[in-house]
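Worksheet: one structure, shown below.
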Amino acid sequence: MLSQWQALQPFAVRQLHLHLGPDAFTLLRAHRPDRHSDRLHDVRPLVMSVLQEGAVVSGLEVGRHGIGLRAAVPVKGEQQSTLAVIEVGFGVSSLIRQQQLLMEKQGITSSGISLLVGRDALQVMHSDMQNFQAGTQYWLIDGTPSGFLSNWLQQNGLGKSVTQPQMHRVASGERHYLVSVTPWYGYQQPSEQSASLVLLAWRDITDLMLAQQAQNRRLWLLWFIACLFSLALIVFLALRLQKATAHSIKNQQLQLQWSEQRLSALFTLSPLPILLNRMADGAFIESNLAMERLVGYTQQELAALSYWDLTPESYANDEQQQLESLKSKGLYGPYRKEYRHKEGHLIPIELNGVLFENPAGEQMIWTIVQDLTERNQLDKLKDEFISTVSHELRTPLTSISGSISLVLAGAAGELTNKSKKMLDIAQRNCKRLTSLVNDLLDMEKLVAGKVTFQPQCIGLAELLQEAIEQNMPYAHSNQSQLLLEDVGAIQVLADPARVQQVLTNLLSNAVKFSPGGSVVRVTTQPKQSFVRINIIDEGPGLTAREIRALFQRFSQLSDGTTKQYSGTGLGLAICREIIQQSGGRIGVDSQPGHGACFWFELPLVETCAANQRYIELNASK
Amino acid sequence: MELTRVMHVEDDESIRMVAEMALADVAGFELLSCDGGHSALRQAEAFAPELILLDVMMPKMDGLQTLAELRKLPSLAATPVVFMTAKIQQAEKQQYLDAGAIAVVEKPFEPMELGDTLRELYQQAVQP
């Protein structure tokens, strides 16, 4: 190559071009500036760069007739001097045009490349190459089958300059194109400027879009069907739910109806009068047949009356108390009062009621009424009966026991031993019968609350000592001892006569069930607010079953002991009533074979004076 | 002062008989037994008892009424009266004491001790 170049020098050759066919790829090009008016520096910047730098350069080159892609390689001479430049390249604009022709020929119109040449680059071209649209920054080497890019650029679709890669969708008629815009900077052009060349790669995406649209339509259709199906499912489920709910509601209604029927039947047929009153004015909202029978008013008549119309005025204060109970606790009763019958007479009744709110927010009172007329009559009859029986039993008992006592004492003359023995039996059983009558009367009065308790502040030691002394003769008759352990200065609140009755019962029981020669101990245990009194015997003890039944009326040990130790079976039941009504408790701790400890508790008072006020207060009530 | 004359008012004949033996034979009192309030009122002044033993529950005229009537007789206005009745409550007992009785003796009574009991009660009543 060097020898060829040198051989050309005498002819002042300044340019040597070697083009490769058929597309005239330039392999070798050397210019003679004198034959060409252009300056090599202007039109061949790559070649100049290689000549000056001696390094390989590649890039776009804008020439007078078009745009080319070039690679320039230095040809080194001796001492590494650059002798020539071999430049390889081809014209891009012609390539695009050829491509367009080829595509048109082959009917390929779906994609291609276009090129935009910037205004600056066009300055170096011939004036005929500079006929771009006024106001447009670029000259387009179109290459599109319909020239859609020209139209697009004329509508300023790209903007005035391109500095960044972009992507556009361009519509032309019924066709749609995807255009990728890539700035292609010229050799040594700064990247922040608008690129000298812009490569536009375009692709017809109409079919793709149609396919996409078709697919979208299919998806929409699927979505629509899915929605329809979901809607249908929701409607179906809603209907099912509605049906189930309706079924459930119907069932509940039936249950409610059934419940209402039952309650209504109970309400109507109840032998006890039942009332529903409005709290605000006492109006009778509902009443049953039993109420009709009780007060003589029909249900319709009652509906026009109020609670107050049936209540004598003398109950005004009591009514107020019951109303307060109703407001504070939500219920009232048992409340004994009287209703005035339609015919004017008074009916003794007992009321129990609850307060509640109806759905309208009104406060209502349900009341159950109990007619006490019969019960009062029965109580009166019972009292009379007991009184009569008591008198009628005691009168013959008095004469029988008195006669026996006199005869036994020899007041009627001497007796044989056999006679004495028989009369002893008669006397014992007379006393037993007397005890039974006494116990029965005591029990009846206690249970009916007719026993008046007179609580006093009394010294426990004195109380117990007196009981011990009173029962000592009986203990001695059994060769037993009664032992009172240290009590201390304890004051209790109790009715002394009633406590003595309890103590006598427990002590005599302890002696009765203890073996001869044993000791019955009486001990005390002060607690916080009460004192426990223990009566401890050395008897056979009690089983748990016996203990459970012990304080019941007519309860006696069921084995042979009953026959051995006679009693009325009411003693402990009476003791329990007395102690309970004295505000204490009574019980027994025992195991078979280990004796028994009968105990009861009495309220403890610190000082008599402090308690005196309590007694007075109770007495005033 | 020793008790010697006792009037007993009791409607039940059996009890009257027992009391007669207890008070007259055993205790040695001079005894007037009456079968009711009316009988007692008729004979009381003539007998002039030092102590009257009066049953409470009697037909026609009960113990309290009898007492009230006896008190109207000047010679018996202050004669000690002892009521005799079945086992009673404290409140009832107090009612009899308030009516003017010096004591209440419970039925059934112990006949061998009845005389001594009345003597003691009488002594307590007449002591200044």
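Protein chains in written order, with the UniProt record's numbering: chain E, 1 to 621; chain G, 1 to 128.
Cβ coordinates follow ideal geometry from the N, Cα and C atoms, glycine included.
Note that the coordinates shown come from a computational prediction; the quantities given were computed from them, not determined experimentally.
C-beta neighbour in chain G for residue i, strict 8 Å
i, result
"T395/E", "yes"
"G587/E", "no"
"H391/E", "yes"
"D559/E", "Because the pLDDT at D559/E is just 49, under 50, the model does not fix this residue reliably, and the point stays unresolved."
"P455/E", "no"
"S477/E", "no"
"A409/E", "yes"
"G413/E", "no"
Alpha-carbon to alpha-carbon, residue j and residue i
i, j, result
"Q133/E", "Q100/E", "Because the pLDDT at Q133/E is just 48, under 50, the model does not fix this residue reliably, and the point stays unresolved."
"K382/E", "E2/G", "45 Å"
"T311/E", "L572/E", "43 Å"
"L219/E", "Q212/E", "10 Å"
"Q94/G", "A101/G", "9 Å"
"V389/E", "D62/G", "18 Å"
"P526/E", "Q377/E", "46 Å"
"P108/G", "S14/G", "12 Å"
"L423/E", "L408/E", "7 Å"
"V451/E", "G28/G", "39 Å"
"L542/E", "H594/E", "8 Å"
"T66/G", "T85/G", "14 Å"
"G517/E", "A77/G", "55 Å"
"F47/G", "E92/G", "30 Å"
"G91/E", "F224/E", "55 Å"
"D371/E", "E350/E", "7 Å"
"E485/E", "C430/E", "36 Å"
"F148/E", "R217/E", "28 Å"
"G449/E", "P455/E", "15 Å"
"E392/E", "E313/E", "43 Å"
"G584/E", "S75/G", "52 Å"
Start and end residues, alpha helix (DSSP H) containing residue i
i, result
"K445/E", "417-447"
"F236/E", "206-269"
"K512/E", "496-513"
"H8/G", "Counting along the chain, H8/G falls outside any alpha helix (DSSP H), though it belongs to the beta strand (DSSP E) covering 5-9."
"N317/E", "316-329"
"G37/G", "37-47"
"Y138/E", "Not the alpha helix (DSSP H): Y138/E falls in the beta strand (DSSP E), residues 138-141."
"M17/G", "13-20"
Residue-chain proximity (residue i, chain E), Cβ-Cβ < 8 Å
i, result
"A27/G", "no"
"D116/G", "no"
"M1/G", "no"
"K93/G", "no"
"S14/G", "yes"
"F109/G", "yes"
Closest Cα partner of residue i within the set the options
i, options, result
"E69/G", "A91/G, R42/G, Q95/G, T85/G", "R42/G"
"A411/E", "E20/G, D12/G, P74/G", "E20/G"
"L23/G", "H8/G, Q94/G, T85/G", "H8/G"
"G107/E", "E174/E, G118/E, S146/E, S196/E", "S146/E"
"I368/E", "G595/E, L294/E, Q215/E", "L294/E"
"Y138/E", "F148/E, T144/E, G159/E", "G159/E"
"V162/E", "R175/E, R203/E, L115/E, R576/E", "L115/E"
"S180/E", "I113/E, Q154/E, L222/E, L140/E", "I113/E"
"L197/E", "P473/E, Y185/E, D204/E", "Y185/E"
"S399/E", "A125/G, Q124/G, R119/G, E110/G", "E110/G"
"R70/E", "E260/E, L602/E, M48/E, Q52/E", "M48/E"
"V56/E", "H391/E, A84/E, G68/E", "A84/E"
"S150/E", "Q427/E, V170/E, S230/E", "V170/E"
"V447/E", "V522/E, E374/E, Q580/E, G333/E", "Q580/E"
"P49/G", "V104/G, D116/G, S33/G", "S33/G"
"I547/E", "C597/E, A304/E, N277/E", "C597/E"
"D207/E", "P515/E, T109/E, P540/E", "T109/E"
Run of the beta strand (DSSP E) containing residue i, from where it starts to where it stops
i, result
"M279/E", "Careful: M279/E lies outside any beta strand (DSSP E) and carries neither H nor E."
"H476/E", "From DSSP, H476/E is part of no beta strand (DSSP E) but of the alpha helix (DSSP H) over 460-477."
"A290/E", "Counting along the chain, A290/E falls outside any beta strand (DSSP E), though it belongs to the alpha helix (DSSP H) covering 289-295."
"H594/E", "Where H594/E is concerned, there is no enclosing beta strand (DSSP E), given that its DSSP letter is neither H nor E."
"K107/G", "103-107"
"D371/E", "363-371"
heavy atom of the ligand SAM below 7 Å from residue i C-beta
i, result
"M84/G", "This structure lacks the ligand SAM; in fact it carries no ligand of any kind."
> Are there three or more Cβ pairs, one per stretch, closer than 8 Å when the region 45-54 of chain G is compared with the region 432-452 of chain E?
Replying inline: The region 45-54 of chain G makes no contact with the region 432-452 of chain E, as fewer than three CB pairs between them are under 8 Å.
>> For the region 493-510 of chain E against the region 572-590 of chain E, do three or more pairs of beta-carbon atoms, one drawn from each stretch, fall closer than 8 Å, so that the two count as touching?
In response: With a cut-off of 8 Å, the region 572-590 of chain E and the region 493-510 of chain E count as touching, because enough Cβ pairs lie within range.
> Do the region 283-303 of chain E and the region 259-275 of chain E make contact, defined as three or more Cβ pairs closer than 8 Å?
Replying inline: The region 283-303 of chain E, when compared against the region 259-275 of chain E, does touch it at the 8 Å Cβ threshold.
>> Using a Cβ distance threshold of 8 Å, determine whether the region 475-493 of chain E contacts the region 459-467 of chain E, with at least three qualifying pairs required.
In response: With a cut-off of 8 Å, the region 459-467 of chain E and the region 475-493 of chain E count as touching, because enough Cβ pairs lie within range.
>> Using a Cβ distance threshold of 8 Å, determine whether the region 494-501 of chain E contacts the region 461-471 of chain E, with at least three qualifying pairs required.
In response: Between the region 494-501 of chain E and the region 461-471 of chain E there are three or more C-beta pairs closer than 8 Å, enough to call the two in contact.
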